[in-house]
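Visitor:
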Amino acid sequence: MNKVEQARALLKAKKLQKELKNEIITTEQGDGAVKVEMTAEQKLKKVHIDASSVDLDDIGQLERWIEEAIKDAIQKSQVIAAEKMKPMMGLISQLGL
């Protein structure tokens, strides 16, 4: 791969990274009691808890909802990243990465 092709591949990779950074995934658990926002590059943006939907006598349930919402957001971000990376895989292998 020549230098021009390498530069193009790196520019495409940077563009992809920016797209993943700007794509926000929202998941919820407990009928909306817990909402999580995460970027497609797996950066946690926000956790929102609807206090009126939470039983303070069952904090364990709230913890499970938070865990499940985060796990779901991570899984969705992985799917999005994999789909966006498919066209890049050939270029990445040519760069020796």
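Take the sequence shown: its position 12, counting from 1, is numbered 12 in our numbering, and each next residue is one higher.
The beta carbon of each residue, even a glycine, is placed where N, CA and C say it ideally should be.
The model shown is predicted, which means the values in this text are computed figures rather than measured ones.
Given this structure, state the Cα-to-Cα distance separating Ala33 from Met89, to the nearest angstrom.
Guide: Looking up residue 33 in the sequence shown gives position 33. Looking up residue 89 in the sequence shown gives position 89. In a straight line, the C-alpha of Ala33 is about 39 angstroms away from that of Met89.
Visitor: In or out: Met38 buried (at least 16 other Cβ within 10 Å) or exposed?
Guide: Taking the sequence shown and counting its residues from 1, one reaches residue 38 at position 38. Counting Cβ neighbours within 10 Å, Met38 comes out buried, since at least 16 surround it.
Visitor: Give every residue of the same chain whose Cβ lies closer than 6 angstroms to the Cβ of Ile80, excluding the five residues on either side of it in the sequence, and list them in chain order.
Guide: The residue you call residue 80 lines up with position 80 of the sequence shown. Ala40, listed in sequence order.
Visitor: What is the residue span of the beta strand (DSSP E) that Glu28 lies within?
Guide: By 1-based counting over the sequence shown, the position of residue 28 is 28. Residues Ile24 to Gln29.
Visitor: What does the alpha-carbon distance come out to for the pair Ile49 and Gln17?
Guide: The residue labelled residue 49 in the question sits at position 49 within the sequence shown. The residue labelled residue 17 in the question sits at position 17 within the sequence shown. Distance between the alpha carbons of Ile49 and Gln17: 29 angstroms.
Visitor: Of the choices Asp58, Lys76, Leu62 and Glu83, whose alpha-carbon is the least far from that of Val47?
Guide: Counted from its first residue, the sequence shown places residue 47 at position 47. When only C-alpha atoms are compared, the closest one is Leu62.
Visitor: Is the CB-CB distance between Lys3 and Ile24 below 9 angstroms?
Guide: Residue numbering aside, residue 3 sits at position 3 when the sequence shown is read from its first letter. Residue numbering aside, residue 24 sits at position 24 when the sequence shown is read from its first letter. No, these two residues do not count as a Cβ contact at 9 angstroms.
Visitor: Near Pro87, what residues of its chain come up, given a Cβ to Cβ distance below 6 angstroms and the 5 sequence neighbours on each side ignored?
Guide: Taking the first residue of the sequence shown as position 1, residue 87 is located at position 87. For Pro87, where only same-chain residues beyond five positions count, there are no Cβ hits under 6 angstroms.
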